[in-house]
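> Take a look at the following structure, please.
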Amino acid sequence: VLLESPGGSVSSYGLAASHLQRLRSTPGIKLTICVDSVAASGGYMMACMASPGQLLCAPFAMVGSIGVIGQSVNVQKALENFGVRPYVFLGGKNKQPVGMFGDVTKDGMETMQVMIDRIHDSFREHVREAREDSLVKAFVAEGDTDKPPSNYFQLGSQTKLSHSQQSLDRVANGDVFLGVQALKLGLVDRLITSDEYIAERIQHGTRVLKLVIHRRPVGLSTLLMGPPHHSFGWKQWIVRAKNVASMIASSWSDINANSVQLKMDTRL
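The sequence shown begins at 44 in the working numbering and counts up by one.
Here is the structure:
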């Protein structure tokens, strides 16, 4: 899988990661994921689903950004300055704690932060389950297991944590790393581009297939008679003819409507 993504919505990327996890868990399938440019935030949520040892990355690709961001613009005071006061009615005290309309309260801000932290904790656990062995191995290899956590990684506690927790804390803070850095931290398994990896597999005798999507051009005969390998009875043919006639009539109506609108605009 060639994966290039800077991230996006939590639910969408979580679903995509679940599909990759299903492939990874399927017996007999080795899931290799290549990152040539960027796999950040939700992109890394997907990328870390590669089979053990199979997350490949270009040296200067951007990976990581294991964090969560929530943004909201509140225009309540601005509208009130113009004499407009919106009213918001909610069912449930934690429903939309901070929104575009309504007063922003301290409790609302705290509730919003709790929601963000909850999502971040789930993201961290997702990465830990997928990459724990690699993260711990890289952490131990650096020989920093007896040192207090570095301020660079913004750890709040100076107590000695488990190797697993320490190795996760230093990468799951929203920071973004180059491929060469990510390899030392255990976020990726190997530095190589997708083209180099494919060429390497070909040299080892692997049969590589490229998927090319071919779309058959749609003409009037195809609309009326269907694809060449399909055969229709006379009833199906009549139904298709009616559908095509409706499409033509609808298109013609749209053309006329646009023409009238254009003339009206010209006169104005």
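Glycine residues also receive a C-beta, built at the ideal position from the N, C-alpha and C atoms.
Given the structure is predicted, the values throughout are model-derived calculations rather than measurements.
Please classify His169: is it buried, with 16 or more other beta-carbons within 10 angstroms of its beta-carbon, or exposed?
buried
> Pick from Lys136, His257 and Asn117: whose alpha carbon is nearest that of Arg128?
Asn117
> Just to check my reading of the structure: Gly222 and Cys100 have Cβ atoms closer than 8 Å, yes? What is that Cβ distance to the nearest angstrom?
4 Å
> Between Ala181 and Leu228, which are expected to be in contact by the criterion C-beta below 8 Å, what is the C-beta distance as a whole number of angstroms?
6 Å
> Could you pull out every unbroken beta strand (DSSP E) segment of at least 3 residues lying fully inside the segment 65-152, listed in chain order?
Qualifying beta strand (DSSP E) stretches, in chain order: 76-78, 81-83, 98-100 and 105-107.
> Can you give the Cα-Cα distance for Asp146 and Ala121, rounded to whole angstroms?
11 Å
> For a test of the three-state rule: what should DSSP assign to Asn194, helix, strand or coil?
Its pLDDT being 42, under 50, Asn194 is placed unreliably by the model, and the measurement read from it follows with that caveat. It is helical.
> Can you name the start and end residues of the beta strand (DSSP E) that Leu221 belongs to?
Val219 to Leu221
> Could you check what DSSP says for Arg167 in three-state terms: helix, strand or coil?
helix
> Looking at C-alpha atoms only, which residue of Arg213, Met155 and Asn137 is the closest neighbour of Ile109?
Arg213
> Return the residue from the list His206, Ser68, Leu178 and Ser115 that minimises the CA-CA distance to Gln43.
The structure shown does not extend to residue 43, since the chain spans only 44 to 311, so no value can be given for it.
> If you draw a straight line from the C-alpha of Gln156 to the C-alpha of Ile72, how long is it?
40 Å
> In the DSSP assignment, what residue or residues form a beta bridge with Ser48?
Ala82
> Give the C-beta separation of Val219 and Ala83 to the nearest angstrom, bearing in mind that I take them to be a contact with Cβ-Cβ under 8 Å.
Going by Cβ atoms, the distance from Val219 to Ala83 rounds to 6 Å, so yes, they are a contact pair.
> Could you tell me which of Phe166, Leu45 and Pro95 sits nearest to Ser52, measuring between CA atoms?
Phe166
> Kindly indicate the opening and closing residues of the alpha helix (DSSP H) around Leu254.
Neither: Leu254 is in no alpha helix (DSSP H) and is coded neither H nor E.
> Roughly how many angstroms lie between the CA atoms of Glu47 and Ala93, to the nearest whole one?
14 Å
> Using the rule of at least 16 other Cβ atoms within 10 Å of the residue's Cβ for burial, across every protein chain shown, is Gln37 buried or exposed?
This structure cannot speak to residue 37, because the chain is shown only from 44 to 311.
> Sorted by chain position, which residues of the same chain lie with C-beta nearer than 6 Å to Thr154's C-beta, five sequence neighbours on each side aside?
Asn137 and Pro140.
> Does Leu230 come out as helix, strand or coil in the three-state DSSP assignment?
coil
> Could you check what DSSP says for Glu185 in three-state terms: helix, strand or coil?
Residue state for Glu185 is assigned as coil, using DSSP reduced to three classes.
> Rounded to the nearest angstrom, what separates Ala242 and Gln97 at their Cα positions?
Going from the Cα of Ala242 to the Cα of Gln97 covers about 16 Å.
> Between which two residues does the alpha helix (DSSP H) containing His206 stretch?
His206 to Asp212
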